[in-house]
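*Asks:*
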Amino acid sequence: MDLSNNAFVGEIPTIFGGLRNLTLLNLFRNKLYGAIPDFIGELPELEVLQLWENNFTGSIPSKLGTSGKLQLLDLSTNKLTGTLPPDLCLGNRLQTLIALGNFLFGPIPDSLGRCESLSRIRLGENYLNGSIPEGLFSLPKLAQVELQDNLLVGRFPDADKSSISPGLGQISLSNNRLSGPLPASIGNFSGVQKLLLNQNFFNGSIPPEIGRLQQLSKLDLSGNRLSGRIVLDISKCRSLTFVDLSRNNLSGEIPTEITGMRILNYLNVSRNDLQGEIPVSISTMQSLTAVDFSYNNLSGIVPATGQFSYFNSTSFVGNPDLCGPYLGPCKLGTAGGPAAAGRSKAALSASFKLLLVIGLLICSIAFAIAAIIKARALKKASDARAWKLTAFQRLDFSCDDVLDCLKEENVIGKGGAGIVYKGSMPNGDHVAVKRLPAMSRGSSHDHGFNAEIQTLGRIRHRHIVRLLGFCSNHETNLLVYEYMPNGSLGEVLHGKKGGFLHWDARYKIAVEAAKGLCYLHHDCSPLILHRDVKSNNILLDSNLEAHVADFGLAKFLQDSGTSECMSAIAGSYGYIAPEYAYTLKVDEKSDVYSFGVVLLELISGRKPVGEFGDGVDIVQWVRKVTDSNKESVLKILDPRLHSVPLNEAMHVFYVALLCVEEQSVERPTMREVVQILTEIPKASTNQEEDDVNGGGGEKSPPDLLSI
48 MDLSNNAFVG EIPTIFGGLR NLTLLNLFRN KLYGAIPDFI GELPELEVLQ LWENNFTGSI
108 PSKLGTSGKL QLLDLSTNKL TGTLPPDLCL GNRLQTLIAL GNFLFGPIPD SLGRCESLSR
168 IRLGENYLNG SIPEGLFSLP KLAQVELQDN LLVGRFPDAD KSSISPGLGQ ISLSNNRLSG
228 PLPASIGNFS GVQKLLLNQN FFNGSIPPEI GRLQQLSKLD LSGNRLSGRI VLDISKCRSL
288 TFVDLSRNNL SGEIPTEITG MRILNYLNVS RNDLQGEIPV SISTMQSLTA VDFSYNNLSG
348 IVPATGQFSY FNSTSFVGNP DLCGPYLGPC KLGTAGGPAA AGRSKAALSA SFKLLLVIGL
408 LICSIAFAIA AIIKARALKK ASDARAWKLT AFQRLDFSCD DVLDCLKEEN VIGKGGAGIV
468 YKGSMPNGDH VAVKRLPAMS RGSSHDHGFN AEIQTLGRIR HRHIVRLLGF CSNHETNLLV
528 YEYMPNGSLG EVLHGKKGGF LHWDARYKIA VEAAKGLCYL HHDCSPLILH RDVKSNNILL
588 DSNLEAHVAD FGLAKFLQDS GTSECMSAIA GSYGYIAPEY AYTLKVDEKS DVYSFGVVLL
648 ELISGRKPVG EFGDGVDIVQ WVRKVTDSNK ESVLKILDPR LHSVPLNEAM HVFYVALLCV
708 EEQSVERPTM REVVQILTEI PKASTNQEED DVNGGGGEKS PPDLLSI
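The sequence shown begins at 48 in the working numbering and counts up one residue at a time.
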């Protein structure tokens, strides 16, 4: 039962207690209130329970999980109190436990430390106390741990390398009361990408073993009681983009080795007891866009060259011995050390000192003006680059995770509409990220951004590709889709690496794609015209199930059957309906024509254009070869196919011919296409014995059934 994403109010009805066969109950994103009834915990078959984003109060049913079948529990963003039930993982099948953003108290059940099926645990923003269950970080499938903003005590778990899940990508223990030194075994978490331990009471030095975390992209140790030097081994974490060591008791100098961290974006070492000069080599770190060295005991001149020209005075305040363009004139001898200062004082006359000071003041003013201009330009550029994530469902990743996917080795497709990357999120899910050209979304040349967002953001259909969300700034738009591991139908049929599709798979794909388009044309509100139906825009998941994709040219239709005049032709050559090319008028029948071309591709295995001579497309070729006679389907059938039922091949070919009729009024609607496609006539006796290309010897010809 899925009643999520509505505006239901009131309490969960008691009559639900009679649903003894219920395996899934989704009530999230409503306005429900009251206590979660005890009978919910007693449903014997319950596997999935999602009640997040409501106003539930009271405690979690104590018997929840005792059936031994619970796999997913999400109670987040409510007003629940009390403790976590002890038997949530009684059957060792619990995979996801989310209860963040409530008022839960008491300890985390020790039984969760033995829950070998657990992959995600998110209990942040509560009042949980006690220690982290022993064995939790050694669970074999664990991928995500979020226990931030609680009252947990104890030490950071000391786990053996052999017992840590290689898929553990995120650990967030921020804002608790954890204490003690960080163990050397922290280096065993080799797969961790985000390690957030800020605002606790950890003490001692940062273990050098942290340099073994080669996947680490974000490290936050701020607001603890760490002491000693900044270990050089941090620079070995080549994937780091964010480092915050502020508000500790760190001492010594800033290691010059951090210059080797070529993709570091953010560095904060403020409010420590660091000494010495800021390494000049930082000026070469082009990826570094934000730093904070404030409130230490640093000394020397802060240059205004290289990357330093992007920083402002707030990054350096609270260091009395720092000087430079941002901070005012340097004290005499600051840059040269004590000995040089003594020699300078002895050698310089009073008048020369005065001239030197005046000269430095003039230079400082000039540098300050230049710095202000550059700082304003940087702020403007920074605002333009600031990313915002808009989600169309509950997401467990951020824009930083999406940006991490934009690597050349992750490219899985390129085209006029943008570049598509494959990415892996911290929870292990794969996504496809479509990077659209850097143009203003308000322009008329937004490359389909608004159309895709407005269209896909509201669609929920099994055969329409799911848009999870998008990241955007003033320069770039990134669309995040569910990932389709088998690529597009066009790649599978025509690509160099394309695999072979047997007839049953082709027929199934045809029906599923038709159902997706039927939903757009007849069941959406408002109705949607795709305008770019083609085999490359039909994506295949791991089960070769079809999903209609790429809504960059989509248009809304207010009334079914009406046409709209476009300002220019849009679509893909070989798929464009004749009336669209001649009159620029477009309606649902234009999509039907394009789908007919896709059916011809499935039957023949040929591309829409390029294989039949200049100016000849697949529709013209088929009409010429077959005289539009469905019984001539053997003349165009893909030679790679074997054992094709002739009645099915003729039937699909017949539907294709209907779809590509010259006159749009003679084409069926997509609803009729689905109905006709799924009503395959029965084969004759001889047909059942001898499929196309599959039989041997002479047999009587199969009956040709009229449709």
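Here a beta-carbon is modelled for each residue, glycine too, at the ideal position from N, C-alpha and C.
From a predicted model like this one, the values you see are computed outputs, not experimental measurements.
Under 8 Å, do residue 246 and residue 270 count as touching if we go by C-beta distance?
*Replies:* Result yes, Cβ atoms of residue 246 and residue 270 sit closer than 8 Å.
*Asks:* Where DSSP assigns a beta bridge to residue 290, which residues make up the other side?
*Replies:* 266 and 314
*Asks:* Can you tell me the Cα-Cα spacing of residue 536 and residue 516, whole angstroms?
*Replies:* Roughly 24 Å between the two C-alpha positions.
*Asks:* Once you ignore the five residues that flank residue 111 on each side, which residues in its own chain have a CB closer than 6 Å to its CB?
*Replies:* 88 and 132
*Asks:* So, are the CB atoms of residue 91 and residue 67 less than 8 Å apart?
*Replies:* In this structure, residue 67 lies closer than 8 Å to residue 91 by Cβ.
*Asks:* Should the segment 192–199 be regarded as contacting the segment 164–182, the criterion being three or more beta carbon pairs within less than 8 Å?
*Replies:* yes
*Asks:* Could you please give the first and the last residue of the uninterrupted alpha helix (DSSP H) stretch that includes residue 555?
*Replies:* Where residue 555 is concerned, the enclosing alpha helix (DSSP H) stretches over 550–565.
*Asks:* When the Cα atoms are used, what is the spatial distance from residue 560 to residue 707?
*Replies:* Cα-Cα distance, rounded: 16 Å.
*Asks:* Report, in whole angstroms, the separation of the C-beta atoms of residue 297 and residue 320, which I expect to be a contact under 8 Å.
*Replies:* 7 Å
*Asks:* How do the segment 660–672 and the segment 524–534 stand: do at least 3 beta-carbon pairs fall below 8 Å, yes or no?
*Replies:* no
*Asks:* Give the range of the beta strand (DSSP E) segment to which residue 370 is assigned.
*Replies:* Judged by DSSP secondary structure, residue 370 falls within the beta strand (DSSP E) whose first and last residues are 368–370.
*Asks:* Taking only three categories from DSSP, how would you classify residue 239?
*Replies:* coil
*Asks:* For residue 120, write down the residues that DSSP places opposite it in a beta bridge.
*Replies:* 96 and 144
*Asks:* Using only CA atoms, which one of 115, 665, 658 and 659 lies nearest to residue 644?
*Replies:* 665
*Asks:* Grouping DSSP H, G and I as helix and E and B as strand, with all else coil, what is residue 755?
*Replies:* Any question about residue 755 goes unanswered here, given that the chain covers just 48 to 754.
*Asks:* Determine the direct distance from the alpha carbon of residue 149 to that of residue 130, and round the result to whole angstroms.
*Replies:* 11 Å
*Asks:* Using 10 angstroms around the beta-carbon of residue 60, count the other beta-carbons present and answer buried if the total reaches 16, otherwise exposed.
*Replies:* exposed
*Asks:* Which whole-angstrom value is the C-beta distance of residue 188 and residue 212, which I expect to be below 8 Å?
*Replies:* 6 Å
*Asks:* For the candidate residues 135, 302, 637 and 155, whose alpha-carbon lies nearest to that of residue 179?
*Replies:* 155
*Asks:* Counting C-beta neighbours from all protein chains within 10 Å, is the total for residue 261 16 or more, i.e. buried, or is it exposed?
*Replies:* exposed
*Asks:* From residue 157 to residue 725, what does the alpha carbon distance come to, in whole angstroms?
*Replies:* Cα to Cα, residue 157 sits roughly 54 Å from residue 725.
*Asks:* State buried or exposed for residue 203, treating a residue as buried only when at least 16 other CB atoms are found within 10 Å of its CB.
*Replies:* A buried status is given to residue 203, since no fewer than 16 other beta-carbon atoms sit within 10 Å of its beta-carbon.
*Asks:* How close, in whole Å, do the beta carbons of residue 235 and residue 199 come, if the pair is a contact with beta carbons under 8 Å?
*Replies:* In fact, because the Cβ distance is near 21 Å, the residues do not count as touching under 8 Å.
*Asks:* Would you report the Cα separation of residue 646 and residue 699, rounded to the nearest angstrom?
*Replies:* One C-alpha to the other measures close to 7 Å.
*Asks:* Name the DSSP bridge partner or partners of residue 83?
*Replies:* None; residue 83 has no bridge partner.
*Asks:* Using a threshold of 7 Å, is the CB atom of residue 439 nearer than that to any non-hydrogen atom of the ligand GTP?
*Replies:* The model on display carries no ligand, and the ligand GTP is accordingly not part of it.
*Asks:* If you reduce the DSSP assignment to three classes, tell me which class residue 680 lands in.
*Replies:* Correct three-state label for residue 680: helix.
*Asks:* When you compare each of 553, 343 and 479 to residue 685 by their alpha carbons, which one comes out closest?
*Replies:* 553
*Asks:* What are the start and end residues of each continuous beta strand (DSSP E) run of 3 or more residues lying completely inside the segment 187–235, in chain order?
*Replies:* 191–193, 217–219 and 224–228
*Asks:* Select from 327, 401 and 308 the residue whose C-alpha is nearest the C-alpha of residue 355.
*Replies:* 327
*Asks:* If I measure Cβ to Cβ from residue 481 and keep anything under 6 Å in the same chain, skipping five residues before and after, which residues do I get?
*Replies:* Around residue 481: 465, 467 and 526.
*Asks:* Quick check on residue 401: buried or exposed, where buried means 16 or more other Cβ atoms within 10 Å of its Cβ?
*Replies:* Exposed, by the Cβ-count rule.
*Asks:* Can you grab the Cα-Cα spacing for the pair residue 210 / residue 364, in whole Å?
*Replies:* Roughly 45 Å separates the two Cα atoms.
*Asks:* Taking DSSP's pairing of strands, which residues face residue 154 in a bridge?
*Replies:* By DSSP's assignment, residue 154 forms a beta bridge with 176.
*Asks:* What does the alpha-carbon distance come out to for the pair residue 440 and residue 100?
*Replies:* Rounded to whole angstroms, residue 440 to residue 100 spans 12 Å at the Cα level.
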